[in-house]
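Worksheet: the structure to be examined is printed underneath.
Chains as they are written, first to last, in the UniProt record's numbering: chain A, 1 to 499; chain B, 1 to 71.
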C-alpha cells in the first residue's frame, strides 16, 4: 500500500503515533515531501489538541494585577468578582462555598477549578494547599509544562526548528500555513511565534480570511491583550458568523469581567444559531458564576431541551436540586448520567449521597463502596468525608470519627473534616482537642463560616470573650446572613457595653 | 423548586406561658457533592500524567546508561 495513504488512514482513525512514525520515514527518504510534512504536523498537533475555548487557566498574576477591569468596586450583579446576590440559590449554610464565595458547581472545567480569590492575601494562600495548585502566571502554567515534556520525549530534538523558520515564506502558502500555525500554537506552545506567523498570513490574504483573525485573537488572548483580541474577533464575525468566534468573544469579555456584555453576545449568537448548546451553556455558566441560580438552571434546562445527553447541564441541575432539598430529583438526574456511561468515583459518590438523603438506604453503601474503589487520590478524601456524614446520619459516631480521620489522612488540608472532627471531639468533652481542630479548619480555609462560628461559640462558653468576638466577626464576614453568628455577636456587644 | 416569594412564615406563639431556651450549638460542615470533570479537563490531566511518565522514564534510562558507563 502507498505509505502516504496509510498514514492518512491512521490520521483519520486518530492513531497519531503510527501516523507520525510513517511520516517520519517518508520524510527521511524525501525531506521536501510537503504532503508528509503537513500530515506530520497535523498528527503531532492532534496528539496534544484540546479545545481552546474550554481551556482557561488564570494565574495569580493575571488575577490580582488585573488592570483590565473598569471599576474596582462594581455595582452588584455586573461583575464576576463579587459573588452576586444569590437569587434563587440555597443559603450558604446548606450549599458549601468555594473560595471565591460562590456555591460549588456541579461540574468542573479547566478554568473553574480555583475560582477568583478576592484579595492578594487569599490568592497567595490558596495555592499552598496541595489540591488547588495554581500557577503564578498562565505563562508558566500547564501549557508550558506540556510543551517542554513533549519536546523532551522526542530524542532527536523537535520536529520543526522554529528559530530557523522563514515565516514569510510559509505565510504566503495557505495550505502549509494553517497546519504550521496549529502546530506552533498547540504543540510547541510558542505563542509569540504563532502570533508572528498569523500576522504575516492574514496580511498575505489581504485580511480576508476570518480564520486567521480568530487565530490572531487566540494569540492575543494568551498574551493577555484582551482588547486586541476583541477587535480581531469582531472583525472576524463581520466577515463570517461562526459559533467559535462568538464563544471566543465571550471568553474575552468574561476575562475583562463584563459578564452582562458576554451574555448579550451569547444572545446575539443564539439569534443566528438557534438552539446551539455551547452558547446556551455559556450563558448558564455566567449566571452560575454570578450566583444567579434561577437563571442558570433555566438555561441549563434549555440546553437539555436541545441535547438531552449534555453532561454538564445534567450535573449542574442535579446539584441544584440536591441543595434545594430535593435529593430524589437529583438522584434521577445522576442515574441518567450513569445510564449514559459516565462511570467514575465522583458520580458514585453523588449517587450515594442522593440515595442516603432520599431514604433509599439499600443502595447507599453499595454506591459508596463503588466510589471508593473508583476514586482517585484527590477525590478519595471527599468520598470518606461524605461517608462520615452517612455515619453521622445513622448515629454511628465511632464510624463517623474514623471516616473523618481517614479524610484527613488522605488530604491533610481538608478543612471541612477538621471542623467536623472538632464537633465530634466537643461531644466527647475534649475541649482542647476540639479547639485545635477548629483552629486547623480556620487556618486552612478561612472562607468557610462554620469553623469561625464554632470557635466563637466554644470560646464564648469558656469565657474567652475577646477571641469569641473576633471569630464571630470573621464568621459574619464569610456568611453575612448567618443568624447564630449575628446573635452571638449581638450578645457579646451587649456584654461589652455593660463593662 | 421552592419559590422564594411565598415562603411559609413560622408562627411563634406570644401569649400564655412560654418557655424558650436557645442553646447555641456548634455546626457541622455540610455533605459535599463532588463536581464531575469535563472532557477537556480529563484530557489535560491525562496528557500531563503521560508527559510526566515519559520524562521520568527517560531520566531513569539516562541514569541507567550512566551507571553502565561507569561500571
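For glycine and all other residues, C-beta sits at the position ideal for the given N, C-alpha and C.
| query | Exposed or buried, residue 19 of chain B, counting other C-beta atoms within 10 Å across all chains shown (16 or more means buried)? | reply | exposed
| field | Chain-ordered chain B contacts of residue 448 of chain A [CB-CB under 8 Å] | value | 29
| task | With DSSP collapsed to three states, give me the class of residue 479 of chain A. | result | coil
| query | Residues in its own chain within less than 6 Å of residue 421 of chain A by CB, not counting five upstream and five downstream? | reply | 404 and 437
| said: Just to confirm before moving on: does the CB-CB distance between residue 78 of chain A and residue 258 of chain A stay below 9 Å? | reply: yes
| query | Should residue 489 of chain A be labelled buried (16 or more other beta-carbon atoms within 10 Å of its own) or exposed? | reply | buried
| query | Along the chain, where does the alpha helix (DSSP H) that runs through residue 236 of chain A open and close? | reply | 226–239
| message | Does the structure place the stretch 210–228 of chain A close enough to the stretch 237–252 of chain A that three or more beta carbon pairs sit under 8 Å? | response | yes
| message | I need the DSSP call for residue 503 of chain A, collapsed to helix, strand or coil. | response | For chain A, the structure presents residues 1 to 499; residue 503 of chain A sits outside this window and is missing.
| message | Going by DSSP in three states, residue 372 of chain A sits in which element: helix, strand or coil? | response | helix
| Based on the DSSP secondary-structure assignment, which residues constitute the bridge partners of residue 107 of chain A? | B:36
| said: Is the beta carbon of residue 46 of chain A closer than 9 Å to that of residue 8 of chain A? | reply: no
| said: By the DSSP assignment, the alpha helix (DSSP H) with residue 397 of chain A in it spans what residues? | reply: 397–410
| message | For the UniProt repeat "TPR" (277–310) of chain A, list every residue whose C-beta sits within 7 Å of some C-beta in chain B, in sequence order. | response | none
| said: For residue 201 of chain A, which residues in the same chain have their Cβ closer than 6 Å to its Cβ, ignoring the five residues on either side in sequence? | reply: 171, 177 and 212
| field | Cutoff 9 Å: residue 44 of chain B Cβ touching any chain A Cβ | value | yes
| Between residue 263 of chain A and the rest of its own chain, which residues show a CB-CB distance below 7 Å, the 5 nearest in sequence each way excluded? | 283 and 286
| query | Would residue 30 of chain A count as contacting chain D if we go by Cβ distances under 9 Å? | reply | The structure shown contains no chain D; its protein chains are A and B.
| query | Can you tell me whether residue 11 of chain B is buried or exposed, with buried defined as 16 or more other CB within 10 angstroms of its CB? | reply | exposed
| Looking only at C-alpha atoms, which of A:92, A:21 and A:296 sits nearest to residue 481 of chain A? | A:92
| said: Quick check on the burial criterion: 16 or more other C-beta atoms within 10 angstroms. Buried or exposed for residue 366 of chain A? | reply: exposed
| query | In whole angstroms, what separates the C-alpha of residue 63 of chain B from that of residue 57 of chain B? | reply | 10 Å
| query | Do the CB positions of residue 197 of chain A and residue 180 of chain A come within less than 9 Å of each other? | reply | yes
| query | What is the DSSP secondary structure of residue 429 of chain A, counted as helix, strand or coil? | reply | coil
| message | Using C-beta distances below 7 Å, list every residue in its chain close to residue 442 of chain A, excluding the 5 sequence neighbours before and after it, in chain order. | response | 451, 452 and 455
| said: Using only the alpha-carbon positions, how far apart do residue 320 of chain A and residue 464 of chain A sit? | reply: 39 Å
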